[in-house]
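Numbered by our numbering, the letters in the sequence shown go through residues 44 to 337 in order. Taking it in order: structure first as structure tokens, then the write-up.
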Amino acid sequence: MNYHITHTTKYMYSEAVPVCHNLVHLAPRTLPNQVPDEFRLLIHPEPYSVSYGKDYFGNDVSYFSIYQTHRGLTVTATSDVAVSAAPEVVPDDTAPWEQVAAQLKTDRAVEVLDAYQYVFDSSSIQRFPELAEYVKPSFPAGRPILAGVIDLTARIYNDFTYDPRATTVHTPIREVFEQRHGVCQDFAHLQIGCLRSIGLAARYVSGYLRTEPPPGKPRLVGSDASHAWLAVYCGEAGWVGIDPTNNVLASTDHITIGWGREYNDVCPIQGIIIGGGEHRMSVEVDVVPPEVTS
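If you want it as structure tokens, here you go:
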């Protein structure tokens with residue numbers, strides 16, 4: 044499936060900003076089942092410098108600096124990307140979860156060592172005893188790991204309410220767990236924390252989700268949004284993406300920007316400014332579906 048994605052972020056400042064430096068994660072990642080065709084970054088005011096590279100996790104990143112006084116900043120990223128179906132993994136054919144947890148501790152193969160870094164706490168995902176208790180019903184002894192992950196995903200989907208007013212990007216997962224409300228970022232963080240609490244490796248995935256308008260309604264340009272889900276290391280089956288916000292495995296509807304331990308590793312835009320006072324930010328995202336691009 045071919046997608047055309049437009050992601051526009053606007054900042055308005057109450058005071059002048061003479062200098063800013065920014066790091067951008069907005070380019071789709073190249074994967075076996077995802078092939079970006081073109082990525083373009085339009086910045087206003089015009090930056091002094093723009094450079095491109097890779098971060099620690101292998102994600103594509105853009106860096107830019109502005110050295111002229113401005114009261115607003117607009118960053119528009121456009122992408123064309125083709126997404127195909129990943130090889131199917133049969134949940135009951137995956138290894139027992141205890142076997143995968145043990146492998147992560149002892150196996151020194153490169154791919155396992157890479158996965159092992161996603162077992163530990165990070166700044167936004169701190170484990171606590173209640174998480175381990177919550178996850179237990181989904182992972183009885185000997186259960187295939189992906190079957191357990193799918194069960195846990197369904198429980199989070201049913202036990203928690205999607206509520207964009209309930210949290211911010213800084214809300215700790217303990218608060219999300221207690222309130223039972225949050226958004227896609229919160230549910231991804233929560234499920235990652237649950238899986239890490241029993242010794243499994245899970246990473247945060249940032250990207251976009253193809254959405255459909257209500258029946259009989261037109262698509263609204265700019266009404267889409269960034270999305271977040273997670274991927275779980277399943278031993279010989281590799282990494283499998285799963286979306287707790289929608290209770291589904293990641294599919295051709297999911298476009299991956301990048302991954303890391305948590306949101307802060309793949310925040311769409313972050314940076315530092317001098318001055319600026321108070322600021323307002325707005326974001327518009329448009330994920331044009333295949334039938335529109337054809």
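Idealized CB from N, CA, C, for every residue including glycine.
When the Cα of residue i is compared with those of the options, which residue comes out closest?
| i | options | result |
| --- | --- | --- |
| PRO130 | VAL93, LEU273, LEU74, VAL330 | LEU74 |
| HIS224 | PRO215, ARG198, THR210 | THR210 |
| VAL283 | VAL133, ILE315, GLU305, TYR200 | VAL133 |
| GLY236 | ARG151, GLU173, ILE188 | GLU173 |
| SER122 | GLY314, ARG253, ILE48 | ILE48 |
| GLN146 | ASP136, TYR159, THR137, ASP135 | TYR159 |
| LEU292 | GLU141, TYR205, TRP272, PRO79 | TRP272 |
| PHE107 | GLU89, GLU154, GLU81 | GLU89 |
| SER57 | GLU327, VAL328, GLY320 | GLY320 |
| HIS348 | LEU116, ASN102, VAL67 | The shown model of the chain, from 44 to 337, leaves out residue 348, and the question about it has no answer. |
| ALA120 | GLU81, LYS97, TRP140, GLU221 | GLU81 |
| ASP229 | ARG239, ALA184, TYR205, SER240 | TYR205 |
| ASP136 | GLU154, CYS277, ASP296, ASN307 | CYS277 |
| ALA184 | ILE193, HIS213, SER166, GLU141 | GLU141 |
| GLU221 | PRO207, PRO180, PHE171 | PHE171 |
| TYR91 | HIS64, GLY281, ILE193, ARG151 | HIS64 |
| GLU279 | HIS50, ALA175, LEU66, LEU189 | LEU189 |
| THR214 | SER166, ALA274, SER294 | SER166 |
| ASN307 | SER294, ASP98, PRO258 | ASP98 |
| VAL309 | SER294, VAL212, PRO258 | VAL212 |
| MET55 | THR112, ILE193, VAL153 | THR112 |
Check this for me: beta carbons of residue i and residue j, under 8 Å apart or not?
| i | j | result |
| --- | --- | --- |
| VAL178 | LEU195 | yes |
| HIS270 | TYR251 | yes |
| PRO287 | ALA245 | no |
| ILE298 | VAL126 | yes |
| VAL60 | ILE312 | no |
| LYS53 | SER249 | no |
| GLY191 | PHE182 | yes |
| GLU305 | ILE168 | yes |
| GLY301 | HIS87 | no |
| PRO187 | ALA138 | yes |
| PHE100 | GLY281 | no |
| ALA197 | ASN290 | yes |
| SER240 | ALA175 | yes |
Tell me which residue opens and which closes the alpha helix (DSSP H) that residue i is part of.
| i | result |
| --- | --- |
| VAL309 | That residue, VAL309, is in no alpha helix (DSSP H); it is neither H nor E in DSSP. |
| ASN201 | 188 to 202 |
| THR149 | 140 to 149 |
| GLU176 | 172 to 178 |
| ASP157 | 153 to 159 |
Between which two residues does the beta strand (DSSP E) containing residue i stretch?
| i | result |
| --- | --- |
| ILE168 | Unbroken run through ILE168: none, as it is neither H nor E. |
| ASP286 | 282 to 286 |
| ALA120 | 113 to 126 |
| ARG323 | 322 to 331 |
| VAL104 | 103 to 109 |
| GLU58 | 45 to 60 |
| GLU81 | 77 to 87 |
| THR299 | 297 to 303 |
| GLY96 | 92 to 97 |
Sorted by chain position, which residues of the same chain lie with C-beta nearer than 6 Å to residue i's C-beta, five sequence neighbours on each side aside?
| i | result |
| --- | --- |
| VAL331 | HIS47 |
| ASN201 | none |
| THR336 | Here THR336 scores only 48 on pLDDT, less than 50, and its place in the model is too uncertain to base an answer on. |
| LEU233 | ILE216, VAL219 |
| LEU84 | SER105, ALA120 |
| ARG253 | ASP296, VAL330, PRO332 |
| CYS227 | HIS270, ALA271, THR288 |
| ALA274 | ARG246, VAL248, TRP282, GLY284 |
| PRO207 | VAL226 |
For residue i, which residues in the same chain have their Cβ closer than 8 Å to its Cβ, ignoring the five residues on either side in sequence?
| i | result |
| --- | --- |
| GLN77 | PRO71, VAL124, ALA125, VAL126, SER127, ILE298, THR299 |
| TYR110 | PRO61, VAL62, TYR91 |
| GLY314 | CYS63, HIS64, ASN65, LEU66 |
| ASP164 | ARG170, ARG239 |
| ILE193 | PRO134, ILE285, LEU292 |
For residue i, which residues of its own chain have a beta-carbon under 7 Å away from its beta-carbon, when the five flanking residues on both sides are left out?
| i | result |
| --- | --- |
| GLY242 | ALA144, LEU147, VAL162 |
| ALA268 | VAL328 |
| GLY318 | GLU58, ALA59, VAL60, PRO61 |
| ARG151 | none |
| VAL155 | GLN146, LEU147 |
Is the CB of residue i under 8 Å away from at least one CB in chain B?
| i | result |
| --- | --- |
| THR121 | Note that chain B does not occur in the displayed structure, where there is just one protein chain. |
Note to self: Please give me, in chain order, every unbroken run of the alpha helix (DSSP H) with length at least 4 that falls completely inside the segment 208 to 272.
What the structure shows: 216 to 222, 227 to 239, all fully within the segment 208 to 272.
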